[in-house]
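Quick note, the sequences are listed as chains A and B, same order.
All residue numbers for the first sequence refer to my numbering, where the first residue is 12 and numbers rise by one.
All residue numbers for the second sequence refer to my numbering, where the first residue is 6 and numbers rise by one.
Where is the CB? At the ideal position from N, CA and C, for every residue including glycine.
Note that this is a predicted model, so its numbers are computed, not measured.
The structure under discussion appears below in the form of structure tokens.
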Amino acid sequence: MGSYLVRRLAYSVFVIWGAVTIVFVVVRLIPGDPAQLMVGAEGTKADVEALRHRFGLDQPLAVQYVRYLGQAAHLDFGDSLRLEVPAAQAVSQRVPVTALLAATAMGLGIAVSMPLGIFAALHKQSVLDRAVSVISLLGQSVPNFWLGIMFILIFARELRWFPSAGTGGVDHLVLPAATLALLLVGVLTRLVRSGLLDVLDEEYVRSAYAKGLTLRRVINRHALPNMLIPVITVVGLQLGSLLAGAVIVETVFGWAGVGRLLVDAISNRDYPIVQVAILFITTGFILVNLLVDLSYAYIDPRIRYR
Amino acid sequence: MTTNFSRAPATRPPEAQARETVSQAASRLRQRRRAWRLAAWAVPIALFVAVAVVGPILVPYDPVTVRLGDRLRPPGAVLTSGTRAWLGTDQVGKDLLAQVLQGARISLLVGVATVLTAGCIGLAVGIPAGYFGGTLDGFLMRIADLQLAFPSLLLAILIAAVLGRSVTNVIITLSVTRWVTFARVVRATTLATREREFVMAARASGASTNRIMGRHIVPLTVTPLVVVATVELGLVILAEASLSFLGLGTPPDHPSWGLVIANGRDYLSTAWWISTIPGIALSLVILAVGLFGDQLSDFLNPRTVSN
Chain A
12 MGSYLVRRLA YSVFVIWGAV TIVFVVVRLI PGDPAQLMVG AEGTKADVEA LRHRFGLDQP
72 LAVQYVRYLG QAAHLDFGDS LRLEVPAAQA VSQRVPVTAL LAATAMGLGI AVSMPLGIFA
132 ALHKQSVLDR AVSVISLLGQ SVPNFWLGIM FILIFARELR WFPSAGTGGV DHLVLPAATL
192 ALLLVGVLTR LVRSGLLDVL DEEYVRSAYA KGLTLRRVIN RHALPNMLIP VITVVGLQLG
252 SLLAGAVIVE TVFGWAGVGR LLVDAISNRD YPIVQVAILF ITTGFILVNL LVDLSYAYID
312 PRIRYR
Chain B
6 MTTNFSRAPA TRPPEAQARE TVSQAASRLR QRRRAWRLAA WAVPIALFVA VAVVGPILVP
66 YDPVTVRLGD RLRPPGAVLT SGTRAWLGTD QVGKDLLAQV LQGARISLLV GVATVLTAGC
126 IGLAVGIPAG YFGGTLDGFL MRIADLQLAF PSLLLAILIA AVLGRSVTNV IITLSVTRWV
186 TFARVVRATT LATREREFVM AARASGASTN RIMGRHIVPL TVTPLVVVAT VELGLVILAE
246 ASLSFLGLGT PPDHPSWGLV IANGRDYLST AWWISTIPGI ALSLVILAVG LFGDQLSDFL
306 NPRTVSN
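Here you go:
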């Protein structure tokens, strides 16, 4: 386990380095001058030159890259052009706000899709099973930004149950979290249903029934633990789309998280913020997947890492 | 198909070739019925393509003219010009139906162009990686791994923000973010094919490496590529709409569905139809592509049909 942990950690560091490099490559190597982009059309040539010097853009690319890596290691990406605070600080202040939204959506998604999937598997081919497949299919097809707008239209404008936008208490959290959760419900319900159907055919489940256990106990103690691994893997992988979805959903609902900050920074050409926000989200995704990998051994004692 | 000959018996009894047995006839019939069912699932997609191609000709979209007298009219309203706006008008008096039809064309264009480009990149990367293996494979697949560490929409947001808004840039952005899936599938197929008898036969008869890859391996990657392309088509259309919704996709004179939905956000209380209708169109198209993709992979791999 120890050496596996070290290897897995090293791999995560490698992937984070890769993400940092991809951001560098995209921002620096694409035709067009970031300084010119940041200054915009109204900037003078002197403004552009000053900015180029300030960000070291007048240096050779290799020098820029090494400097950039050093800065990244210290989480120092320069000051935000608009907010006049270090970009890393501006973004990290928003991290808990996004984490709250993502965690609520994740919890909501799991809380809804587990019972739905179990129910559908136990009543295979029934009308309700069909209904559950339709819901999960819709969950994967309806674009989340449009769903969010429809939620605003129905639950905020018409019914006035929840506020339509802003960051605040639980009432502000309901609509964006529900919007984000639906995608997860679509994916997870299908997975839980087919996973449980596979497990229910196994002999140990039949033995459990044969020795007189109740359905509830068979499901909870024998079937569910054996199908958790794929579910957890997919939950971890879905976190990527959840975080990317958060960027969009935060924009729809004016939720003041990292995603909203990112989209605002893009329209303001605030490149330090853009870089940090993208790196923070990606790093969060990588770390969660690391945790998911490590949790396998805990959940399934058959898995032992060498 | 050339793939069958390794599995076929070397010599078949002559009567089996001459007459069809009952079970063969039944399986042929079943095969035909499955093909028809697949074709039925393709109807909604064919409808979408027809709308995207013909629609803007019947109801032309005019990006320039603004008719403030006709702004925010509900679906079915008669405009000052005497025509009827079946889906209503937007905040500057443009017909929503024309925008939805034009948006269908943009979705289709971006979807198909991206899938083709990403598919070509996938072939160009996957075939040599799978065929040669070794350092080249390791290098290319590590790049693919690194890219997968990024949530793909996030990478698209970054690239699109740097490139700026245009239809071409959206296609470039989405191709760059989606080639990995294609490359992985092509590589896996190439790996499986590399040691097959007909490839060895080609090698033994002195075919060049390029010829083996081009003539013997590429054709076998087509089937898995088509399945992936179908799934990806839905994802790409969704990603294009998301980018356009964020103002990073198509420019304002190209009314992509995502852009129209974003436009309608400020008029939710007075004109619900601007955001609602393009979203319904978008959801239906993604649903149709998704359902067809499921049917297609079931059709091509009948043994893996799950519960």
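Query	Result
Per DSSP, the bridge partner or partners of B:V83	B:R89
Identity of the residue in A:L20, A:M117 and A:V37 nearest A:V245 by Cα	A:M117
The alpha helix (DSSP H) enclosing A:M161, as first and last residue numbers	N155 to F162
Burial state of B:A123, where buried means 16 or more other Cβ atoms lie within 10 Å	buried
Contact set between B:S210 and chain A, taken where Cβ atoms lie within less than 7 Å	Neighbours of B:S210 on chain A: none; closest Cβ ~42 Å, over 7 Å.
Endpoints, the alpha helix (DSSP H) within which B:P224 is located	V223 to F250
Extent of the continuous alpha helix (DSSP H) to which A:P187 belongs	V181 to L211
Reference B:T178; option with closest CA among A:V102, A:I240 and A:V37	A:V37
A:A46 and A:L72 closer than 8 Å at C-beta	no
Where B:F250 meets chain A, residues with beta-carbon distance less than 9 Å	P154, F156, W157, I259, T262 and V263
C-beta neighbour in chain B for A:T244, strict 8 Å	no
Chain B contact residues for A:I310, given Cβ-Cβ distances below 7 Å	Here the premise fails: no neighbours, minimum Cβ distance about 23 Å.
Continuous alpha helix (DSSP H) stretch holding B:I62: start and end	V27 to L63
CB of B:V56 within 8 Å of CB of B:A109, strictly	yes
According to DSSP, residues forming a beta bridge with A:P97	A:D90
Entirely enclosed alpha helix (DSSP H) segments - the stretch 165-205 of chain B, minimum 4 residues	172-199
contact_flag[the stretch 276-290 of chain A, the stretch 191-198 of chain B] where n(CB pairs < 8 Å) is 3 or more	no
Beta carbon of B:S157 nearer than 8 Å to that of B:R189	no
Cβ neighbours of A:V31 in the same chain (closer than 6 Å, five flanking residues each side left out)	A83
Per DSSP, cross-strand counterpart(s) of B:T94	B:D100
Interface partners of A:Q100 on chain B, CB under 9 Å	Near A:Q100 there are no residues of chain B at all, since even the closest Cβ is about 21 Å away, more than 9 Å.
Closer than 8 Å at the beta carbon, the chain B residues around A:S278	G252
Environment of B:S274 [buried if 16+ CB atoms lie within 10 Å]	exposed
For A:F35, the three-state DSSP class (helix, strand or coil)	helix
Contact residues within the stretch 127-139 of chain B, judged by C-beta distance below 8 Å to chain A	none
Interface partners of B:G298 on chain A, CB under 7 Å	Chain A residues near B:G298: none, gap ~11 Å exceeds 7 Å.
Exposure of A:G177, with buried meaning 16 or more beta-carbon neighbours within 10 Å	exposed
Selection from B:K99, B:T70, B:V71 and B:A165 that minimises the alpha carbon distance to B:P80	B:K99
Cβ-Cβ distance between B:I266 and A:W266 below 8 Å	no
Short Cβ contact (8 Å threshold) for B:I279 with B:D95	yes
The stretch 216-228 of chain A touching the stretch 134-151 of chain A, judged by at least three CB pairs closer than 8 Å	no
Contiguous alpha helix (DSSP H) assignments of at least 4 residues, all confined to the stretch 228-277 of chain A	235-264
Spatial neighbours of B:A82 in its chain, beta-carbon cut-off 6 Å, leaving aside the 5 residues before and after	A90
Within-8 Å CB hit, B:T281 to chain A	yes
Pair within 8 Å by beta-carbon distance, A:V258 and A:L273	yes
Extent of the continuous alpha helix (DSSP H) run through A:I297	Y282 to I310
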